[in-house]
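Chemist: Structure provided below as structure tokens; questions to follow.
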Amino acid sequence: MDGENTLAVGVRVADVSESGVTRLWAEMIGVYVGIPGLLIFFRHFLDGLVIPIIMTIAFTCWMVLKRQRGYDRNAFWNGRDFWSRFRRTLWIFLSLGAVVTYLSWLYAPHFFLIFPRDWFWNWLIVMAAYPLVSAYPQEVIYRTFFFNRYRRLFRNDWALVAASALLFGWAHMFLGNWIAPVFAFVGGILFGMTYLKTSSTLQSSLEHGLWGNLLFTLGTGWYFYAGSI
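The sequence shown begins at 410 in the numbering used here and counts up one residue at a time.
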């Protein structure tokens with residue numbers, strides 16, 4: 410790569426040497442392939458530990474980005490043009506969400522709305538907590554950090570989004586079912602495109618939170634719960 414590249418997420422990144430690129434690849438594989446791989450190995454011991462693990466990794470990513478030269482720290486929030494972007498988020502959520510709701514009712518009627526119906530107060534707690542303690546940290550890890558740290562490793566933005574989504578799906582393999590990784594991959598594409606367009610962790614986290622809360626409400630969220638293993 411020649412010269413200097415301007416990231417879609419608004420960060421200017423100077424070229425690095427071949428050894429620097431190799432280190433970045435090794436780092437990315439270690440963090441995004443190695444750690445989820447360990448979770449698969451220890452998956453039967455993870456009930457109650459997943460959120461602390463996610464938050465610890467997100468905090469580490471935040472600290473690294475804070476020290477990265479040229480990084481705009483406002484991207485951790487970035488509420489610029491929030492409402493105009495939110496309309497797009499809401500339109501996609503309502504249209505695709507209707508399809509997901511119908512499919513959940515059709516193919517998993519035994520789980521449909523079981524969470525709010527049988528555990529209403531727990532459901533309310535999850536609705537309030539999930540966007541903050543799970544969706545936002547995951548977006549810091551898989552969008553904010555990944556896009557800013559490893560953009561130079563990919564030829565174009567589409568490859569960057571696809572890689573992030575694939576690794577996001579891989580991170581859900583420890584749950585021991587096919588639904589969580591597939592849904593996570595599709596969600597990773599959606600959230601990645603949002604972050605790419607907005608440079609806003611807030612925006613992608615909001616979208617992530619909406620979808621996560623919908624899945625938990627419908628009952629499909631059971632496949633994303635470590636206690637289901």
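In this text, a Cβ means the ideal position worked out from N, Cα and C, and glycines have one as well.
Between which two residues does the alpha helix (DSSP H) holding ASN622 run?
Modeler: 610–627
Chemist: Hey, how far is the Cα of ASP566 from the Cα of THR610?
Modeler: 17 Å
Chemist: Alpha carbons only, please: which of HIS581, TYR634 and ASP490 is nearest the one belonging to SER608?
Modeler: ASP490
Chemist: With DSSP collapsed to three states, give me the class of ASP527.
Modeler: helix
Chemist: Quick check: the Cα distance between LEU397 and PRO518, rounded to an integer number of angstroms?
Modeler: An answer regarding residue 397 cannot be provided, because it is not within the stretch 410 to 638 covered by the chain.
Chemist: Can PHE521 and LEU627 be called in contact, C-beta distance under 8 Å?
Modeler: yes
Chemist: Would PHE633 pass as a contact of SER613 if the rule is Cβ separation under 8 Å?
Modeler: no
Chemist: Secondary structure at PRO518, three-state DSSP: helix, strand or coil?
Modeler: coil
Chemist: Assuming LEU448 is part of the alpha helix (DSSP H), what are its boundary residues?
Modeler: 444–450
Chemist: Look at the alpha carbon of VAL459 and the alpha carbon of GLY439, and state the distance between them as a whole number of angstroms.
Modeler: 18 Å
Chemist: How about PHE590 and MET582: do their beta carbons lie closer than 8 Å?
Modeler: The sequence shown places Pro at residue 590, not Phe. Going by C-beta atoms, PRO590 is nearer than 8 Å to MET582.
Chemist: Give the DSSP-derived three-state secondary structure of GLN547 in the structure shown.
Modeler: helix
Chemist: What did DSSP end up calling PHE555 once you bin it into helix, strand or coil?
Modeler: Looking at PHE555 - three-state DSSP - the assignment turns out to be helix.
Chemist: Are LEU474 and PHE554 closer than 8 Å when you measure CB to CB?
Modeler: yes
Chemist: Which residue comes first and which comes last in the alpha helix (DSSP H) that contains PHE468?
Modeler: Here the alpha helix (DSSP H) through PHE468 covers 459–475.
Chemist: Measuring CB atoms only, is the stretch 528–547 touching the stretch 618–625, in the sense that at least three cross pairs come out at less than 8 Å?
Modeler: yes
Chemist: Rounded to the nearest angstrom, what separates LEU455 and PRO445 at their Cα positions?
Modeler: 12 Å
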